[in-house]
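Asker: Heads up: the sequence lines are chains A and B, in that order.
Going letter by letter, the first sequence gives residues 1 to 329 in this note's numbering.
Going letter by letter, the second sequence gives residues 1001 to 1329 in this note's numbering.
Note that CB positions come from ideal geometry on N, CA and C, so glycine has one too.
Model, not experiment: these values are computed from the prediction.
Have a look at this one before I ask anything.
Number of protein chains: 2
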Amino acid sequence: MPEQQRPVTIRTVACIGAGVIGGGWAAYFLSRGLTVRAWDPAPDAEQKLRRVIDAAWPALTELGLAEGADPGAIELFGTAAEAVAGADFVQESAPEDLALKRALLAELAAAAGPGVVVASSTSGFPMSDMACEIDPAVAGRLVVGHPFNPPYLIPLVEVVGGERSEAWAVSAAADFYRHIGKSVIEMERELPGFIANRLQEAIWREALHMVAAGEATPEEIDRSITDGPGLRWPVHGPCLTFHLAGGEGGMAHMLDHFGPSLKAPWTRLEAPELTPELRDDMVDGAEVSAGGRPMAELVAERDRAVIAVRRAVAAARAAGAGTDPAGRS
Amino acid sequence: MPEQQRPVTIRTVACIGAGVIGGGWAAYFLSRGLTVRAWDPAPDAEQKLRRVIDAAWPALTELGLAEGADPGAIELFGTAAEAVAGADFVQESAPEDLALKRALLAELAAAAGPGVVVASSTSGFPMSDMACEIDPAVAGRLVVGHPFNPPYLIPLVEVVGGERSEAWAVSAAADFYRHIGKSVIEMERELPGFIANRLQEAIWREALHMVAAGEATPEEIDRSITDGPGLRWPVHGPCLTFHLAGGEGGMAHMLDHFGPSLKAPWTRLEAPELTPELRDDMVDGAEVSAGGRPMAELVAERDRAVIAVRRAVAAARAAGAGTDPAGRS
């Protein structure tokens, strides 16, 4: 690659947008000892940013700050181009509006220095759709770096390039996020909504359908998750969860036993055909997720974790409300 | 109600089926100080049951046993009718096969004493479909009592009757589960998959679609949840999570901002029309879930809980694997 396209060492990050996501990113970058240059068109941008960072700082302190981390190491600029000038990495967190993102990303890509990656926090737009009209000379540095709210606490970042993104930019973004402690999924191809938002959106749409049909209330939907499968998902994802649901037979038994329920009207989402190939991919995938550990060890891990999660959540709720922290709810 | 249909005081539970769910129920009932009468047609039923109970007992001890709880207070019988005779409550956890459930529930309903509820652990069959051919004289005592795996750790139980279920039986089941520490959702009408399994099934089908299309691996799908939105779901369900995603504007801002993305191809599930009525139902529902607490308090609660959940999960994993328990993964 040409010299000017080698990724630079990152000490200063430009945060474009100061809402819940942009402010959360700023707080996280500051906690990692980085300097932040920010821009947001809102007249109260500075107060908004300050509020998000102040709210996040106790949590970040609790998790451990990097040496030299300073919640004051942030400066606001009058234009996006000024904020980007001198930044080693750019994180764009503007509202989810395609026309707005297109115009803003064109400006950011042009203002960023050589070797500087511009990552978008977009919740679901493929970069190819956002970068289609951008000068090819600078479009290569644009990638998606999609966080989860709040970006200062949830480790996942989905990284994926568009048709014009250069490979060095995708790798540099993934390396940077990993270096600052994120859990990165580097996707090989574009997919609207990436991975986690597709799963979350499926839940959300089914929830909206149930409320629209008068079948369940939002409160029942929330409790069905917090007191039900939600207690398992921080421990084992949906595939490993069903591997355990199969008992000693694991995913293979689960698919052979519950396969017919894929045809049941248990959700408005039509199921794919459970071909022998898909069955085998799921069974093999569960083995990868299980990391070769025997079922008894996975069950013991889940049990320890679910108990600890129940206690942790109950204590966190009680700290705010003065209720029973025993974890029995 | 006639005298013989008043719910009896429950000291002895019949567990029909000794798989992961039936065995998990048995362990939970024993931990609450109840006596269990079990039946399963498998030749190694006793060893299977013993294995599940032994694996569950450390977790149950950790959570706190009821006075007199005895993991040995369980007896296996040669027929389902024998196990049910003398039981004050019956929990059916047979394989998810409609014809099998129909025949078995008919036998259990006939064998159960007056005032004894027979609850099915079915993952999704409406009771009306399972009880359609059962003698009306005894069908009234049949209800759904749907747990989540493992039943000894996940609090949620969904309770719902069928067309012929009597109101006293539905109430008695809900009261019993609540009395033994479960989080009960008593549904007013039947819905295939109930509530939580519809949400979980939506995730599962989208996951299967992604694997079938080569868009993501099961390992990526699992990590996208455990390191992403899965960390929030034990704290705040999907509705309250999106209330927080809206920042100070809450659910109203979220729907007005992300409403258009309901039309985006972020999942294979078609979204409902976001009518003004549905929008208002979601906004009002989020207020109910929030319990009148201001946004800053909800954010602080989530942050405390997510930190504690991350640490709890990391420690539980490390206890099995000897890895870093700092919770940064």
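Alpha carbon to alpha carbon, how far is Gly78 of chain A from Thr35 of chain A?
Answerer: By one-based count along the first sequence, residue 78 of chain A stands at place 78. By one-based count along the first sequence, residue 35 of chain A stands at place 35. Answer to the nearest angstrom: the Cα atoms are 17 Å apart.
Asker: Let me check one thing: in DSSP terms, what residues is Arg1037 of chain B bridge-paired to?
Answerer: Here residue 1037 of chain B corresponds to residue number 37 of the second sequence, with the count starting at 1. DSSP lists B:Ala1014 and B:Glu1075 as partners of Arg1037 of chain B.
Asker: Anything in chain A within Cβ reach of Val1013 of chain B, meaning under 7 Å, just list it in chain order.
Answerer: What you label residue 1013 of chain B is simply residue 13 of the second sequence in a count that begins at 1. Near Val1013 of chain B there are no residues of chain A at all, since even the closest Cβ is about 20 Å away, more than 7 Å.
Asker: Just to make sure I have the definition right: I need the residues of chain B whose C-beta is within less than 7 Å of the C-beta of Phe148 of chain A. Which are they?
Answerer: On the first sequence, position 148 is the one that residue 148 of chain A refers to. The answer, in chain order, is Gly1228 and Pro1229.
Asker: Between the segment 1089-1096 of chain B and the segment 1156-1169 of chain B, are three or more C-beta pairs nearer than 8 Å?
Answerer: At 8 Å Cβ cutoff, the stretches do not touch.
Asker: If I measure Cβ to Cβ from Ala1131 of chain B and keep anything under 6 Å in the same chain, skipping five residues before and after, which residues do I get?
Answerer: The residue given as residue 1131 of chain B occupies position 131 in the second sequence. So the list reads Ala1139, Leu1142, Gly1162 and Arg1164, once near-sequence residues are dropped.
Asker: Going along the segment 73-102 of chain A in order, which residues come within less than 8 Å of chain B, judged by CB to CB distance?
Answerer: If the cut-off is 8 Å between Cβ atoms, the segment 73-102 of chain A has Pro95 and Glu96 near chain B.
Asker: At what residues does the alpha helix (DSSP H) containing Phe1258 of chain B begin and finish?
Answerer: Counted from its first residue, the second sequence places residue 1258 of chain B at position 258. Per DSSP, Phe1258 of chain B belongs to the alpha helix (DSSP H) from Gly1250 to Phe1258.
Asker: Which whole-angstrom value describes the C-beta separation of Arg1032 of chain B and Ile1203 of chain B, a residue pair presumed to lie in contact below a C-beta threshold of 8 Å?
Answerer: For the purposes of this step, residue 1032 of chain B is taken as residue 32 along the second sequence, with counting starting at 1. For the purposes of this step, residue 1203 of chain B is taken as residue 203 along the second sequence, with counting starting at 1. The Cβ separation is near 31 Å, so there is no contact.
Asker: Can you check which of these residues, A:Ala73, A:Leu104, A:Leu65 and A:Gly68, is closest to Ala81 of chain A by C-alpha distance?
Answerer: If you number the first sequence from 1, residue 81 of chain A lands on position 81. The shortest Cα separation from Ala81 of chain A among A:Ala73, A:Leu104, A:Leu65 and A:Gly68 belongs to A:Leu104.
Asker: Suppose you measure from the CA of Val1299 of chain B to the CA of Ala196 of chain A; what does that come to, to the nearest Å?
Answerer: As a working note, residue 1299 of chain B is residue 299 in the second sequence. As a working note, residue 196 of chain A is residue 196 in the first sequence. Distance between the alpha carbons of Val1299 of chain B and Ala196 of chain A is about 21 Å.
Asker: In the DSSP assignment, find the unbroken beta strand (DSSP E) run with Gly19 of chain A in it and report its ends.
Answerer: Position 19 of the first sequence, counting from 1, holds the residue named residue 19 of chain A. No beta strand (DSSP E) contains Gly19 of chain A, which DSSP labels as neither H nor E.
Asker: Does the beta carbon of Leu1208 of chain B sit closer than 9 Å to a beta carbon anywhere in chain A?
Answerer: As a first step, residue 1208 of chain B must be located in the second sequence, where it is residue number 208. It does; some Cβ of chain A falls within 9 Å.
Asker: For Ile185 of chain A, which three-state DSSP category applies?
Answerer: For the purposes of this step, residue 185 of chain A is identified with residue 185 of the first sequence, where counting begins at 1. Strand, per DSSP.
Asker: Where in the segment 1155-1241 of chain B do unbroken runs of the alpha helix (DSSP H), each at least 4 residues long, occur, reported from the N-terminal end onward?
Answerer: With a minimum length of 4 residues, the continuous alpha helix (DSSP H) runs that stay inside the segment 1155-1241 of chain B are 1167-1179, 1196-1212 and 1218-1226.
Asker: Taking C-beta pairs closer than 8 Å, name the residues in chain B that Phe258 of chain A reaches, listed in chain order.
Answerer: Working through the first sequence from its first residue, we reach residue 258 of chain A at position 258. Ordered by position in chain B, the residues that pass the 8 Å Cβ test against Phe258 of chain A are Glu1096 and Ser1123.
Asker: What does the Cβ neighbour count give for Glu1273 of chain B, buried or exposed, with the cut at 16 atoms within 10 Å?
Answerer: The residue labelled residue 1273 of chain B in the question sits at position 273 within the second sequence. Classification for Glu1273 of chain B: exposed.
Asker: Please identify, using Cβ separations under 8 Å, the residues of the segment 18-41 of chain A that lie next to chain B, in order along the chain.
Answerer: Listed by position along the chain: Gly19 and Val20.
Asker: So with Cβ pairs under 9 Å, would you call Ala56 of chain A a contact of chain B?
Answerer: Against the first sequence, residue 56 of chain A aligns to sequence position 56. Answer yes: the Cβ-Cβ gap between Ala56 of chain A and chain B drops below 9 Å somewhere.
Asker: My output table needs one value for Leu1105 of chain B: the three-state DSSP class, helix, strand or coil.
Answerer: Here residue 1105 of chain B is taken as the residue at index 105 of the second sequence, counted from 1. Helix, per DSSP.
Asker: For Lys1101 of chain B, which residues from the same chain have a beta carbon less than 8 Å from its beta carbon, with the 5 sequence-adjacent residues on both sides left out?
Answerer: Taking the second sequence and counting its residues from 1, the one referred to as residue 1101 of chain B is at position 101. Cβ neighbours of Lys1101 of chain B beyond the five flanking positions: Glu1092, Ala1094, Ser1120, Thr1122, Phe1125 and Met1130.
Asker: Three or more C-beta pairs closer than 8 Å, one from the segment 7-14 of chain A and one from the segment 107-118 of chain A: is that the case here?
Answerer: The segment 7-14 of chain A is in contact with the segment 107-118 of chain A.
Asker: If you reduce the DSSP assignment to three classes, tell me which class Ala331 of chain A lands in.
Answerer: Because chain A is modelled from 1 through 329, residue 331 of chain A falls outside the range shown and cannot be assessed.
Asker: According to DSSP, His146 of chain A sits in a beta bridge with which residue or residues?
Answerer: Stepping through the first sequence from its first residue, residue 146 of chain A is reached at position 146. In DSSP, His146 of chain A forms a bridge with A:Glu158.
Asker: By Cβ distance below 7 Å, which residues in the same chain neighbour Met1001 of chain B in space, the five residues on each side in sequence not counted?
Answerer: The sequence position of residue 1001 of chain B within the second sequence is 1, counting from 1. Per-residue confidence for Met1001 of chain B stands at a pLDDT of 49, beneath the threshold of 50, marking its modelled position as unreliable; no derived number is given.
Asker: So which residues of chain B does Trp165 of chain A contact, with C-beta pairs closer than 8 Å?
Answerer: On the first sequence, position 165 is the one that residue 165 of chain A refers to. Inspection of the sequence shows that residue 165 of chain A is occupied by Ser rather than by Trp. Under the 8 Å cutoff, chain B gives no residues; its nearest Cβ is about 18 Å from Ser165 of chain A.
Asker: With the cut-off set at 9 Å, would you say Thr267 of chain A and Leu1255 of chain B are in Cβ contact?
Answerer: For the purposes of this step, residue 267 of chain A is taken as the residue at position 267 of the first sequence. For the purposes of this step, residue 1255 of chain B is taken as the residue at position 255 of the second sequence. No; because the gap between Cβ atoms is not below 9 Å, this pair is not in contact.
Asker: Comparing C-alpha positions only, which one of A:Phe29, A:Trp25 and A:Glu96 sits nearest to Leu1262 of chain B?
Answerer: Here the question's residue 1262 of chain B lines up with position 262 in the second sequence. When each option's Cα is compared against that of Leu1262 of chain B, the closest is A:Glu96.
Asker: Thinking just about the alpha-carbon of each residue, which of B:Pro1150, B:Leu1108 and B:Pro1041 is nearest to the one in Val1013 of chain B?
Answerer: In the second sequence, residue 1013 of chain B corresponds to position 13, counting from 1. With distances taken between Cα atoms, Val1013 of chain B lies closest to B:Leu1108.
Asker: So, for Cys15 of chain A: in the same chain, excluding its five sequence neighbours on each side, which residues have a beta-carbon less than 6 Å away from its beta-carbon?
Answerer: Counted from its first residue, the first sequence places residue 15 of chain A at position 15. Counting only Cβ-Cβ distances below 6 Å, and skipping sequence neighbours, we find Gly22, Trp25, Ala26, Val36, Ala38 and Gln91.
Asker: What residues of chain B sit near Arg198 of chain A, judged by a beta carbon separation below 8 Å?
Answerer: Position 198 of the first sequence holds residue 198 of chain A. Result: Glu1206, Met1210, Trp1266 and Thr1267.
Asker: Using a C-beta cutoff of 9 Å, does Ser1224 of chain B count as contacting chain A?
Answerer: In the second sequence, the residue the question calls residue 1224 of chain B occupies position 224. Judged by the 9 Å Cβ criterion, Ser1224 of chain B is in contact with chain A.
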